[in-house]
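Have a look at the structure below, then the notes.
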Amino acid sequence: MLIGNNCVVSINYTLKNDSGSVMDESPEGQPLVYLHGAAGIIPGLETELTGKAIGSEFKVSITPEEAYGEHQPHLVQQVERNQFPADIDLTVGMQFQAQTEGGPMPVIITELSDETVTVDGNHPLAGLNLHFEGSIADVRDATEEEISHGHPHGPGGHDH
Ligand code: ZN
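Taking the numbering used here, the leading residue of the sequence shown gets 264, the next gets one more, and so forth.
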């Protein structure tokens, strides 16, 4: 069968940035499993995979608009260091949930000084061209329950 909406799709993939560094990959024998048409993966990759069959290979470059969006400067903020609990050992790269007016937002510490902490609420892959390469490991029909939940169940999916 071919990939279309309401299929559960398993893919093996490697993700590289413009300079060819591997940013992410599916572990050997553990493909990424997602529900096609439910915004489970970035739009550019979903479009590329539509209509492909088990065993097909893909290689696609995706712009930020079709991936995680542009890097938004207003999501980078400097916070007084004394706003953080004194007993936490802050490090660059540390991730946590910031409380914002719009609710909790995942942020990452990108810079530290004695007085300030710079936090970035952008997705780590925002603003990047993404180069995916991989193959289709499996395609099957989603169950009614998976469609109503908007995600796949079973191996690689939700296990609730
Ligand atoms: Zn579910």
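By construction, the Cβ of each residue, glycine as well, lies at the ideal position given by its N, Cα and C atoms.
A direct Cα-Cα distance of roughly 42 Å separates Gly356 from Met264. The C-alpha of Thr381 lies about 34 Å from the C-alpha of Ala301. By the neighbour-count criterion, in which 16 or more other beta carbons inside 10 Å mark a residue as buried, Ile351 falls on the exposed side.
Taking every protein chain shown into account, the CB of Asn268 has fewer than 16 other CB atoms within 10 angstroms, so this residue is exposed. Burial state of His423 is exposed, judged by a 10 Å Cβ sphere holding fewer than 16 other Cβ atoms. For the pair Leu312 and Ala330, the Cα-to-Cα distance works out to about 14 Å. By DSSP's assignment, Gln341 forms a beta bridge with Thr381.
In chain order, the residues with a C-beta atom nearer than 7 Å to some heavy atom of ligand 1 are Glu408, Glu409, His412, His414, His416, His421 and His423. In the DSSP annotation of this structure, the continuous segment of the beta strand (DSSP E) that includes Glu396 starts and ends at Leu393 to Asp404. Asp404 and Glu328 have their C-alpha atoms spaced approximately 29 Å apart.
Here the alpha carbon of Gly314 sits roughly 41 Å from the alpha carbon of Glu364. Under a 10 Å Cβ-count criterion, Ser273 is classified as buried, with 16 or more other Cβ atoms of the shown protein chains found around its own Cβ. Counting only the Cα atoms, Thr277 lies some 10 Å from Lys322.
Ranked by Cα distance from Gly283, the options His421, His414, Gln358 and Glu396 are led by Glu396.
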